[in-house]
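Everything on this sheet refers to the single structure shown next.
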Amino acid sequence: MRNTAGRTRRAVVLVAALVGLGGVLSAPLASAAEPVVEPVAVAEAEAEATSTVTEAEIAAAPKVSRKDVIARAKVWLTANNGKQVPYSQSKVWRDGYRQDCSGYVSMAAKLAKPGPNTVGLFDGHTVAINKKDLKKGDLLIDKIGSSSTRHVVIFEKWANDAHTKYWAYEQRGGHGTDHRILSYGMSGDSQYKARRLKNIVD
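Numbered per the UniProt record's numbering, the sequence shown spans residues 1 to 202.
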């Protein structure tokens with residue numbers, strides 16, 4: 001009888017332990033799943049909310065020199081403890097600007113925080129120019145498609161005599177802030193268009 005009673009008590013203790021362990025394990029799994037969905041919703045909400053730029057916002061943008069645009073663009077190359085600022089469509093950096101391509105350009109151009117999206121930059125804060133007239137601080141913008149395909153970069157200077165490549169600053173997915181040679185917008189059928197900030201001064 002003592003052996004049977006002992007086995008029964010051990011079985012009860014084991015079951016209770018398993019039930020308790022199951023409760024401990026289940027709680028983190030439920031909470032860990034929440035952030036997976038949330039950043040997507042935040043990114044979509046921000047993109048939708050900042051695609052339209054008002055005349056008041058355009059008028060409120062402070063003047064910025066071409067030299068200042070480039071100087072400000074350089075800051076994010078080392079702002080993350082000596083490394084580039086990481087890319088994100090749902091987060092803002094310490095200076096208050098969104099960590100995607102349009103947020104980065106908005107920071108360099110001194111536009112309102114956290115910055116309009118790429119469509120807002122194209123339609124509200126810039127005007128069309130010919131690519132042969134590109135100057136330091138001008139932009140090349142692709143506003144076609146979705147938030148995962150649209151992009152904007154800051155023109156710095158030509159990289160070759162043929163003017164088919166140029167040095168640019170950009171905030172790109174999978175890398176973050178970058179300074180490299182690009183050819184976006186140089187082909188005749190490119191979706192990238194040369195644009196000039198309305199608040200830039202020579």
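Using N, Cα and C, we set each Cβ at its ideal position, and we do this for glycine too. Owing to the predicted nature of the structure, the values given are computational and were not obtained by experimental measurement.
- If you look at Lys157, you'll find it isn't in any alpha helix (DSSP H); it sits in the beta strand (DSSP E) that goes His151 to Trp158.
- Following the DSSP letters along the chain, one finds Ala59 inside the alpha helix (DSSP H) bounded by residues Glu55 to Ala60.
- For the stretch 103-147, the continuous beta strand (DSSP E) assignments of 3+ residues that do not extend past its boundaries occur at 126-128 and 139-142, in sequence order.
- In the structure shown, Ala79 falls within a coil segment according to DSSP collapsed to helix, strand and coil.
- Residue burial annotation: Ile181 is exposed, with fewer than 16 other C-beta atoms found within 10 angstroms of its C-beta.
- Nearest neighbour of Arg172 by Cα position, chosen from Val53, Arg98, Asn81 and Asp68, turns out to be Arg98.
- Around the C-beta of Glu55, fewer than 16 other C-beta atoms lie within 10 Å, and the residue is accordingly described as exposed.
- When secondary structure is reduced to three states using DSSP, Arg66 falls in the helix class.
- For the set Ala168, Asp142, Val92 and Tyr104, the Cα lying nearest the Cα of Asp189 is the one of Asp142.
- Under the criterion of beta carbons closer than 8 Å, Thr126 and Arg196 qualify as touching, at roughly 6 Å.
- A residue is called buried when at least 16 other Cβ atoms come within 10 angstroms of its Cβ; Asp138 meets this threshold and is buried.
- Taking the CA atoms as reference points, Lys110 sits about 7 Å from Pro62.
- Nearest Cα to Lys131 within the set Trp158, Thr149 and Val105: Trp158.
- Residue pairing for His179: DSSP places it in a beta bridge opposite Tyr169.
- A contact is defined here as three or more CB-CB pairs under 8 Å, and the stretch 67-75 meets this definition with respect to the stretch 146-156.
- At the C-beta level, Thr177 and Leu77 come within 8 Å of one another.
- Remark: C-beta atoms of Tyr87 and His179 do not approach each other more closely than 8 Å.
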